[in-house]
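Notes follow the structure.
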Amino acid sequence: MKTSLSEFIANLPKAELHLHIEGSLEPEMMFALAKRNSVKIPFTTIDEVRAAYNFRDLKSFLDLYFAGTAVLQTETDFYELTKAYVEKAITDNIRHSELFFDPQTHTDRGVPISAVFAGIARALREARSSDGFSSKMIMCFLRHLSEEDAFETLQAALPLRADHTDLWCGVGLDSSEFGNPPKKFSKVFDMARELGFRIVAHAGEEGPPEYIWEALEILKVERVDHGIKCETDERLVKYLAEHRIPLTVCPLSNLKLCVVKKIEEHNLVRLLRSGLCITINSDDPPYFGGYINDNFIAVASAFNLTGEDLVDLARNSFRSSFADDEQKMKWLQEIDEYADNRAID
Ligand code: ADE
Ligand code: ZN
6 MKTSLSEFIA NLPKAELHLH IEGSLEPEMM FALAKRNSVK IPFTTIDEVR
56 AAYNFRDLKS FLDLYFAGTA VLQTETDFYE LTKAYVEKAI TDNIRHSELF
106 FDPQTHTDRG VPISAVFAGI ARALREARSS DGFSSKMIMC FLRHLSEEDA
156 FETLQAALPL RADHTDLWCG VGLDSSEFGN PPKKFSKVFD MARELGFRIV
206 AHAGEEGPPE YIWEALEILK VERVDHGIKC ETDERLVKYL AEHRIPLTVC
256 PLSNLKLCVV KKIEEHNLVR LLRSGLCITI NSDDPPYFGG YINDNFIAVA
306 SAFNLTGEDL VDLARNSFRS SFADDEQKMK WLQEIDEYAD NRAID
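Next comes the structure, spelled out in structure tokens:
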């Protein structure tokens, strides 16, 4: 069957491995929750919010991102936020998603950490039973805060682990990168690894290749979130290729945060051709102008990617996930069938 590029992408089964659930807050929901919870936000219209999506760098985005999260107060808010993302993910043919969440963003405002876990988990479990949608939760530490703060967060979250073993599988690191190297969190990640959590970290989004090395060698990450600043270090690129360490790349995010000037200048296709395990993800979709399929379309159009390239990227997303092997095989078979039956017109 012949299909258009956008149909090919839309129907392609895929996994999303880099999505901040707080960053999926659409302006409409921001207003609705602000009203419901009587929270003041610095905007009077939805157009005003969208006009503010104009960033110079990661820091300028994070300022708005943290301001937006103030409307999230209750278990129901986290449930509705997650439900809205999952509904969109299902229409985009995402079969499996690994969601980042930042409890410190909320506990610092007095929201109980249990409400954050419970609201996200309720929506994910409902989607699993109603639509077979598979998911995991990855708790991220905010790197602009101290390691002690991260320890406190891990300690506060551990009593919730038993009730979330079906979902909470990993620990990550996000927020402003410059000046907050992975090594700042070496001890808390040692502890998380000893407790059996899967480990990821944002590194090389804006920061230097040394931060990627630290994420690999000190935190012992299994995947690098972004990682695109690896390219100036030949030995690092070789290492990432040889060990097939996945990079969860977010092209429209990199564009919006001025890490690249034009999508045509993005290095992900070059890295893919150099043998790296590249995956495509949306990061914080409303803020960056697109969900996962929009990211695929932007890259496919800019680089004239073939159906095989796109299938390769989707395969990478399943292989790099923290789902079990039996489930991964099923998805990979589904992709094989898809690839056998479709071609881009
Ligand atoms: N938190 C939400 N989005 C992020 C990003 N792109 N980088 C670091 N921290 C984030
Ligand atoms: Zn991110």
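Per the working numbering, residue 6 is the first one in the sequence shown, and the count goes up by one each step. Ideal placement from N, C-alpha and C gives every residue a C-beta, glycine not left out. The structure presented is a predicted model; accordingly, all values stated were derived computationally and were not measured.
#1: Tell me the DSSP bridge mates of GLU103?
#2: Cβ-heavy atom distance between SER180 and the ligand ADE below 7 angstroms?
#3: Output the residue ranges of the beta strand (DSSP E) runs that lie fully inside the region 152 to 223 and measure 3 residues or longer, sorted by chain position.
#4: Expressed to the nearest angstrom, what Euclidean distance is found between the alpha-carbon atoms of HIS169 and MET144?
#5: Any idea if ASN185 is buried or exposed, counting beta-carbon neighbours within 10 angstroms, 16 or more meaning buried?
#6: Would VAL193 pass as a contact of ALA155 if the rule is Cβ separation under 8 angstroms?
#7: Output the distance between the C-alpha atoms of LEU221 and VAL229, rounded to the nearest integer angstrom.
#8: Buried or exposed for GLY201, please, with buried defined as at least 16 other CB atoms from any protein chain shown within 10 angstroms of its CB.
#9: Within 10 Å of its beta-carbon, does HIS248 have 16 or more other beta-carbons around it, so buried, or fewer, so exposed?
#10: Does the Cβ of ASP299 lie closer than 7 angstroms to at least one heavy atom of the ligand ZN?
#11: Please tell me whether, using a cut-off of 7 angstroms, the distance from the CB of HIS25 to the nearest non-hydrogen atom of the ligand ZN is below it.
#12: How many angstroms separate the CA atom of LYS267 from the CA atom of LEU165?
#13: Which one of ILE340, GLY294, PHE327, MET334 has the shortest CA to CA distance from VAL316?
#14: Among THR8, MET6, GLU21, whose alpha-carbon lies nearest the alpha-carbon of ARG320?
Quick answer:
#1: LYS141
#2: yes
#3: 173 to 179, 203 to 208
#4: 12 angstroms
#5: buried
#6: yes
#7: 8 angstroms
#8: exposed
#9: exposed
#10: no
#11: yes
#12: 43 angstroms
#13: ILE340
#14: GLU21
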